[in-house]
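S.K.: Provided herewith is a single structure, encoded as C-alpha cells, for subsequent inquiry.
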C-alpha cells in the first residue's frame, strides 16, 4: 500500500520517474513525505537482468556476490530521491555515504527462474540532513526478515567544502572492462597507487553512481590485501564489511582518468582487521575520499561456506531455511547415536519365554579409551594452535570466550575438526560447551 502525505509534492523534476528508476531500485513499496521527515521502502529482485549483471561482475566461489558499491548506489539513489521529495526546489547536494556496515553478504542463487527479493528502508531527517538506510532479505512469500543485513547513513554535504578540505592532502600522493578500471598498480607493502580509466556507462539511466565506477576507484584497498605480498593471501582472504565515509565531490565520469592511493594498516587491538583511506585524484585535485574502509581476514578453508548458496525449492511460510551442510547437532541425545532395540521386537531363538537368554550374551567390546584420549589430546593441540594459548593454560575451567573463540574462530575450529579428524560438528558447539571441560566431556560421549 502506498501511503503519502497530502501536503507533499507528487513529483520531483530533478529525478526521472520513480519507481523502477534504476537497475538496483525497482519497486516502491511504501512512502511517507512531510516537510522535515520522509520515509520510503523499496523492493528489488536481484535476479532481474540489471541487478544480476552488477552482481555477476563480482564472483566469489562461482557465485555472484553483491559488492558494497552496489549498496552504495542504492543509498545514493534513495538519498537523492528523498531530498527531491522534501525540498523540490533546491539543488540535489552531494552525498556522503557513512557508516556502511554489511553484516551478511548478499549472494545470488544460481537458479534465476524465481525472484530473489530484498527491501531497503530509508528514513530522512530534514533537521540533520541525513538518511538512515536498512537492507533486508525477503522470502518468496514476500515476508521481510526481522533483522537487517546491512545499514548505512547518507548525509547531505557541500562539494566545495569537500574540495577545500581535501586540497591540503593532495600533496600526499606523488604519481608520475567495468570492474577492471585499474590500468596499472604500484605496490609497496601495504601502500599502493593505481592509474584508472573508468569504463563506459552504456545505460546511465540504470545507476545513480555506477557500482563498477565505485569499485574501480575504491578497489585498490582490497587489492593491496588480496593481491599483494605484504600478507598471506594464499591462506587467507580479505572481505570488507564497509567503511566510515564515502564522498565524491565531483561525479565519476566514464572515460576519465583517475589515480587512487591507499595505505592499509592493522587496526590496534583488533587482530585480523585492516583499515585505510582511499584517495581518488584527478589531475592535481582530490575529488573523492573513502575513509576508514575496513577489511577482515578469513581463512581460505572457510571460502566455500562464506560464498555459497544452495538453490532451494520453495519454502513454506515459517519454515526455517538453513544454509550449509547439516552437521551433527552436538546437543543430540545419546539415543540417536546408540539406538535401542525398537519396542515390539520379537525375542531371538536363543531367548526363553521369560526373557532370560538361554545362551550367554555376546560380550560387548569396551570403548577404546586410548583412542578417545588421543583424540582429546589432538583436539587440545589444535585449539592451542588456533588460539595461540599455551596448552598448559587450557584447564577444564577455561572458557572458550576468554581465549578468543568468537564466531569466526568457532567456524575455523569446526572446519578443522572435520578436515583433520573427520569429526563433523556445528560451530555452535563452542556455545553449547562453553568450557574446555564441557568440550572434553562432549568428545568422550561422542566418540
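Residue numbers (UniProt numbering): 1 to 447. By construction, the Cβ of each residue, glycine as well, lies at the ideal position given by its N, Cα and C atoms. Just so we're clear, the structure is a prediction, and the values are computed from it rather than from any experiment.
Between the Cα of residue 28 and the Cα atoms of 43, 34 and 37, which residue gives the shortest distance?
M.R.: Counted from its first residue, the chain shown places residue 28 at position 28. Checked all of 43, 34 and 37; the closest Cα to residue 28 is 43.
S.K.: By DSSP, does residue 46 sit in helix, in strand, or in coil?
M.R.: As a first step, residue 46 must be located in the chain shown, where it is residue number 46. The answer is coil: DSSP assigns residue 46 none of H, G, I, E or B.
S.K.: Report all residues from its chain with a CB closer than 7 Å to the CB of residue 389; omit the five preceding and five following residues, and keep chain order.
M.R.: For the purposes of this step, residue 389 is identified with residue 389 of the chain shown, where counting begins at 1. Contacts found: 403.
S.K.: Taking the CB atoms as reference points, tell me whether residue 154 and residue 102 lie closer together than 8 Å.
M.R.: For the purposes of this step, residue 154 is taken as residue 154 along the chain shown, with counting starting at 1. For the purposes of this step, residue 102 is taken as residue 102 along the chain shown, with counting starting at 1. Contact flag unset, no.
S.K.: With burial defined as no fewer than 16 other Cβ atoms inside 10 Å of the residue's Cβ, what is the status of residue 455: buried or exposed?
M.R.: The requested residue 455 does not occur in the structure, where the chain is confined to residues 1 to 447.
S.K.: Report buried or exposed for residue 427, applying the criterion of at least 16 other Cβ atoms within 10 angstroms of its Cβ.
M.R.: Here residue 427 refers to the residue found at position 427 of the chain shown. Buried, since its Cβ has 16 or more Cβ neighbours within 10 Å.
S.K.: Which residue's Cα is closest to the Cα of residue 190: 220, 88, 246 and 47?
M.R.: For the purposes of this step, residue 190 is taken as the residue at position 190 of the chain shown. Comparing Cα positions, the closest option is 220.
S.K.: Closer than 8 Å is the cut-off here; do at least three beta carbon pairs connect the segment 267–285 with the segment 92–111?
M.R.: No, they do not touch.
S.K.: Does residue 373 have its Cβ less than 8 Å from a Cβ in chain C?
M.R.: The structure shown contains no chain C; it is built from a single protein chain.
S.K.: Compare the beta carbon distance of residue 252 and residue 302 with 8 Å and say whether it is the shorter of the two.
M.R.: The count along the chain shown starts at 1 and reaches residue 252 at position 252. The count along the chain shown starts at 1 and reaches residue 302 at position 302. Their beta carbons are not under 8 Å apart, which means residue 252 does not touch residue 302 by this criterion.
S.K.: Within 10 Å of its beta-carbon, does residue 25 have 16 or more other beta-carbons around it, so buried, or fewer, so exposed?
M.R.: One-based indexing of the chain shown puts residue 25 at position 25. With 16 or more other Cβ atoms within 10 Å, it is buried.
S.K.: What residue does the beta strand (DSSP E) around residue 263 start on, and which one ends it?
M.R.: Residue numbering aside, residue 263 sits at position 263 when the chain shown is read from its first letter. Start and end: 257–263.
S.K.: If I follow the unbroken beta strand (DSSP E) through residue 449, where does it start and stop?
M.R.: Since the first residue shown for the chain is 1 and the last is 447, residue 449 is missing from the structure and cannot be characterised.
S.K.: If we count the other Cβ atoms within 10 Å of its Cβ and call it buried at 16 or more, is residue 73 buried or exposed?
M.R.: Mapped onto the chain shown, residue 73 falls at position 73. Residue 73 should be labelled buried.
S.K.: If you draw a straight line from the C-alpha of residue 212 to the C-alpha of residue 166, how long is it?
M.R.: Sequence index remark: in the chain shown, residue 212 carries index 212 (1-based). Sequence index remark: in the chain shown, residue 166 carries index 166 (1-based). So the two alpha carbons sit approximately 24 Å from each other.
S.K.: Taking contact to mean at least 3 C-beta pairs separated by less than 8 Å, is the segment 132–149 in contact with the segment 221–238?
M.R.: Taking 8 Å as the limit for Cβ pairs, the verdict is that the segment 221–238 does not touch the segment 132–149.
S.K.: Which complete alpha helix (DSSP H) runs does the UniProt domain "Carrier" (370–447) hold, if anything under 4 residues is left out?
M.R.: If we require 4 residues or more, the alpha helix (DSSP H) runs fully inside the UniProt domain "Carrier" (370–447) come out as 407–421, 429–432 and 436–446.
S.K.: On the DSSP letters alone, give me the boundaries of the alpha helix (DSSP H) that residue 70 sits inside.
M.R.: If you number the chain shown from 1, residue 70 lands on position 70. Looking at the DSSP string, the run of the alpha helix (DSSP H) that includes residue 70 is 68–86.
S.K.: Please state whether DSSP places residue 196 in a helix, a strand or coil.
M.R.: Numbered from its first residue, the chain shown carries residue 196 at position 196. If DSSP states are grouped into helix, strand and coil, residue 196 belongs with the strands.
S.K.: Assuming residue 152 and residue 86 make a contact with CB atoms under 8 Å, what is their CB distance in whole Å?
M.R.: The residue given as residue 152 occupies position 152 in the chain shown. The residue given as residue 86 occupies position 86 in the chain shown. With a Cβ gap of about 19 Å, residue 152 and residue 86 do not count as contacting.
S.K.: Where does residue 298 fall in DSSP's three states?
M.R.: By 1-based counting over the chain shown, the position of residue 298 is 298. Reduced to three states, the DSSP call for residue 298 is strand.
S.K.: Could you give the residue range of the alpha helix (DSSP H) that holds residue 267?
M.R.: Residue numbering aside, residue 267 sits at position 267 when the chain shown is read from its first letter. Segment: none, residue 267 is in no alpha helix (DSSP H) and carries neither H nor E.
S.K.: What is the DSSP secondary structure of residue 227, counted as helix, strand or coil?
M.R.: For this step, residue 227 is matched to residue 227 along the chain shown. Note: residue 227 maps to helix in three-state DSSP.
S.K.: Take the Cβ of residue 393 as the centre, count every other Cβ of all protein chains shown within 10 Å, and call the residue buried at 16 or more, exposed below.
M.R.: The count along the chain shown starts at 1 and reaches residue 393 at position 393. Burial call: exposed.
S.K.: Taking residue 233 as the reference, which of 59, 298, 287 and 380 has the closest Cα?
M.R.: Your numbering for residue 233 matches position 233 in the chain shown. Comparing Cα-Cα distances from residue 233 to each of 59, 298, 287 and 380, the minimum goes to 298.
S.K.: According to DSSP, simplified to helix, strand and coil, what is residue 93?
M.R.: Sequence index remark: in the chain shown, residue 93 carries index 93 (1-based). Three-state result, residue 93: coil.
S.K.: So, with DSSP's three-state summary, where would you put residue 217?
M.R.: As a first step, residue 217 must be located in the chain shown, where it is residue number 217. Note: residue 217 maps to helix in three-state DSSP.
S.K.: Find the nearest neighbour of residue 290 within the set 228, 111 and 222, judged by alpha-carbon distance.
M.R.: In the chain shown, residue 290 corresponds to position 290, counting from 1. Taking only the C-alpha atoms, the option nearest residue 290 is 222.
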